[in-house]
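Q: Just passing along the structure, written as structure tokens.
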Amino acid sequence: MDEIIHAGDVVSEIFLKRLKEIAPVHCVASNTDKIKGLPKEKLLEVEGQRIGIIHDVPINELDQYIESRKLNILITGHTHIPSIKGLESKCMILNPGSIAYPRAPPKKPGFQEPVAKPTLIILNIENGLASAYLISLPFKKKK
1 MDEIIHAGDV
11 VSEIFLKRLK
21 EIAPVHCVAS
31 NTDKIKGLPK
41 EKLLEVEGQR
51 IGIIHDVPIN
61 ELDQYIESRK
71 LNILITGHTH
81 IPSIKGLESK
91 CMILNPGSIA
101 YPRAPPKKPG
111 FQEPVAKPTL
121 IILNIENGLA
131 SAYLISLPFK
141 KKK
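To convert, note that position 129 of the sequence shown is 129 in the UniProt record's numbering; the numbers rise steadily by one, no gaps.
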């Protein structure tokens with residue numbers, strides 16, 4: 001693991017400190033974080049890929065946000081619902097979900113009831129090309 005990217009809802013400075021013991025951390029503040037010094041957004045460039053990290057972008061501002069920052073990849077949080085999406089603008093939008101407070105996507109007619117599972121995303125950038133993988137973590141449901 002080269003780096004950890006966290007899109008907010010860190011909860012505590014102790015957790016952030018533990019993450020930093022694993023790898024360098026890029027973290028942004030959420031609407032609930034009380035940790036001082038966390039930026040609202042962060043921009044990175046890795047092998048020519050412009051990456052934006054922000055806790056939440058209102059859907060009606062998404063295209064403008066991506067275009068104004070010339071992003072190839074946008075990492076968000078807020079919903080705690082994991083997703084990997086591609087846009088016509090050639091921007092990959094990643095929401096890793098949540099390890100601590102996962103949420104399931106809404107049920108769709110004709111499909112099974114979704115289950116909230118702890119998730120994360122592995123983002124790999126190699127030779128200027130990006131790929132993302134959603135990983136479900138094992139968990140035991142509390143009774």
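The C-beta atom is built at its ideal place from N, Cα and C for all residues, glycine as well.
Answer yes or no: do Ile75 and Ile53 have a C-beta to C-beta separation smaller than 8 angstroms?
A: It is a contact, given that the beta carbons lie within the stated cut-off.
Q: Any contact between the region 124-132 and the region 39-49? By contact I mean 3 or more CB pairs, one from each, below 8 angstroms.
A: Yes, the region 124-132 touches the region 39-49.
Q: Any chance you could list the beta strand (DSSP E) runs of at least 3 consecutive residues sitting entirely within the UniProt domain "Calcineurin-like phosphoesterase" (2-106), in chain order?
A: Segments of the beta strand (DSSP E) lying fully in the UniProt domain "Calcineurin-like phosphoesterase" (2-106): 4-6, 25-27, 41-46, 49-54, 73-75, 83-86, 92-95.
Q: State buried or exposed for Ile66, treating a residue as buried only when at least 16 other CB atoms are found within 10 Å of its CB.
A: It counts as buried.
Q: Looking at the unbroken beta strand (DSSP E) that takes in Ser129, where does it start and where does it end?
A: In the sequence as displayed, the identity of residue 129 is Leu instead of Ser. First-last of the beta strand (DSSP E) with Leu129: 129-136.
Q: Using a Cβ-Cβ cutoff of less than 7 angstroms, which residues in the same chain neighbour Asp33 once the five nearest sequence positions on both sides are dropped?
A: Contacts found: Gly8, Asp9, Val10.
Q: On the three-state DSSP scale, how would you describe Glu113?
A: Residue state, collapsed to three classes: coil.
Q: Assuming contact is defined by CB atoms lying nearer than 8 angstroms, are Thr119 and Pro102 in contact in what I supplied?
A: Against a cut-off of 8 angstroms, the Cβ pair of Pro102 and Thr119 comes out as a contact.
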